[in-house]
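The structure appears right after this line, and notes come after that.
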Amino acid sequence: MKPFINLNAGTLSPTPKPVWNAVTRLRRMQAECPSDFLWRQTPRLLHRSRRALANYLHVTPDNLLLLPNVTFAMNLAITALDLPPGAEVLTTDHEYGAMMLCLRRRATERGWKLRSFKLPYTTEDPDEIVAAAKKAVRPSTRVLFFSHVTSTTGLVLPAAQLCRLVPVTIVDGAHAAGMIPLNLSRIGADFYGGNCHKWLTAPLGCGFLHVASRFKKTLKPLVTSWGWGGADWHYEMEFHGCTDRCPQMVLPEVLACRRRLGGEAALRRRSRALVEHARERLAVLGLTPVTPRNPALSGAIIAFELPPRHPLARRNRLWEMYRIEAPVTGIPGRRFLRLSLAWFNTRAEIDRLADVLKTMKKGMTA
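Under my numbering, the first residue of the sequence shown is numbered 77, with each subsequent residue one higher.
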């Protein structure tokens, strides 16, 4: 067994060797002949990669941007909103902290109202989530911002139904690509951003934003550079000066690697089996799973509620003492142990975690 256990694909996944070799080869080309790589090879390689990702997401590459990460993507989407003062942006109470900071900043600058509704995060019925959102919508609600998969508990929201409730929708899909079936054309969000370096196992520095056609002209680059004001929309939005974009160029290799591993459906089945194993092993230790069992509402993440004063409430305890990477997340008043179980994880790793938690439990009752 490795000297550490990574149960946190939800933050960042290791890079498979075929993908590592592909990105290293491109970086060598970039280092050996940098100007040729930047001026002549980069556009072709990005177009190839964008086309592969668009096919995977079931959209046209014309509306798809390759970006460093989903934080960049969501900032780009939020700053594109042209709302009058007093307009309301609605979110859930399970949104990722960095995204809420971006929303609060923009709302303060523009005089918008920012409001969250309580998410029924343990429900087994997707309609209950839609009903909660529908009840929260007001006449002043112009935008709904939500996570497709919540980072706190791994709850999968019914994105397509939610996108029909308000005039404009922004979806934070940080955890979706590579974890759940993803068809952006069916979801119909105005802005949908995601990461490829989590569940898809692309190299760090690879994210995307899909933009509805009606918003392409209102989108403004976060960094103004050579592409500004030109006819090439991708160049205008993606070029931020000289940066290493090699991670964004190897998506064909990323997807080919996943096909060699058995394909998307097989990888999802493996993750779900690991999730169920974790559910059984940790439940007998008195930890209550809060992630739904319904496949329509869950994927490869499972979270367990921690009792008050549990040793894991101290940040990094698992890593510092046992070299197990599994974060503690939460909402006000509640703390969760979150396990992100990708295809590269094993039952033995989950069993090791269960043994550690059993030891901790004995220490609490001693």
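Glycine included, every Cβ here is placed at the ideal spot set by N, Cα and C. Here the structure is a predicted model, which means the values were calculated and not measured.
Check: Extent of the continuous beta strand (DSSP E) run through Y268; Outcome: 267 to 271
Check: Complete runs of the alpha helix (DSSP H) confined to the region 94 to 145 [at least 4 residues]; Outcome: 118 to 133
Check: Under the three-state DSSP convention, the category E352 falls into; Outcome: helix
Check: S314: first and last residue of the uninterrupted alpha helix (DSSP H) it sits in; Outcome: Ser is not the amino acid found at residue 314; the sequence shown has Glu there. Counting along the chain, the alpha helix (DSSP H) containing E314 begins and ends at 309 to 314.
Check: Cβ neighbours of I426 in the same chain (closer than 7 Å, five flanking residues each side left out); Outcome: L350, H353, A354, R357
Check: Assigned exposure category for D266 - 16 Cβ within 10 Å defines buried; Outcome: buried
Check: In DSSP terms, what P365 is bridged to; Outcome: F380
Check: Per DSSP, cross-strand counterpart(s) of N82; Outcome: E401
Check: Minimum C-alpha distance to F291 - residue among E381, L220, T168, L152; Outcome: L152
Check: N-terminal and C-terminal residue of the alpha helix (DSSP H) that D203 is part of; Outcome: 202 to 212
Check: Contact the region 250 to 259 vs the region 208 to 220: 3+ CB pairs below 8 Å; Outcome: no
Check: Alpha carbon of N145 to alpha carbon of G270, nearest angstrom; Outcome: 7 Å
Check: Extent of the continuous beta strand (DSSP E) run through I246; Outcome: 244 to 249
Check: Contact set for R180: own chain, Cβ-Cβ below 7 Å, skip 5 residues either direction; Outcome: L190
Check: Option in L258, R345, R411 with minimal Cα separation from F420; Outcome: R345
Check: T168, DSSP secondary structure in three states; Outcome: strand
Check: Opposing strand residues paired with F193 [DSSP bridges]; Outcome: T168
Check: Burial state of V247 (16 or more Cβ within 10 Å); Outcome: buried
Check: Own chain partners of S192 with C-beta closer than 8 Å, once the 5 adjacent residues on each side are dropped; Outcome: L166, T167, T168, D169, E171
Check: Spatial distance of A332 from A212 (CA atoms); Outcome: 42 Å
Check: For S261, the first and last residue of its enclosing alpha helix (DSSP H); Outcome: 260 to 263
Check: C-beta atoms of A376 and G230 nearer than 9 Å; Outcome: yes
Check: Close-in-space but distant-in-sequence residues of the same chain around G306 (CB under 7 Å, 5 per side omitted); Outcome: E312
Check: For G283, the residue or residues it bridges with in DSSP; Outcome: L143, N271
Check: First through last residue of the beta strand (DSSP E) which encompasses L220; Outcome: 217 to 223
Check: Boundaries of the beta strand (DSSP E) in which L413 is found, first to last residue; Outcome: 410 to 416
Check: Option in V404, T405, L388 with minimal Cα separation from M397; Outcome: L388
Check: Candidates F148, T147, A130: closest to L140 by CA position; Outcome: A130
Check: G375 - DSSP class collapsed to helix/strand/coil; Outcome: coil
Check: Integer-rounded CB distance, given that R399 should sit under 8 Å from R80; Outcome: Looking at the sequence shown, residue 80 is not Arg but Phe. Right, the Cβ-Cβ distance comes to about 4 Å (below 8 Å), so this counts as a contact.
Check: Backbone CA spacing between D320 and G362 [nearest angstrom]; Outcome: 47 Å
Check: Beta-ladder partner(s) of G406, from DSSP; Outcome: R411
Check: Residues that V232 bridges to, as DSSP identifies them; Outcome: V225
Check: Nearest candidate by alpha-carbon position, reference R182, set L195, T199, G162; Outcome: G162
Check: Rounded separation between N370 and I407 - CA only; Outcome: 22 Å
Check: Cut-off 8 Å between Cβ atoms - residues of its own chain near L260, not counting five sequence neighbours on either side; Outcome: L133, H134, V135, Y268, H286
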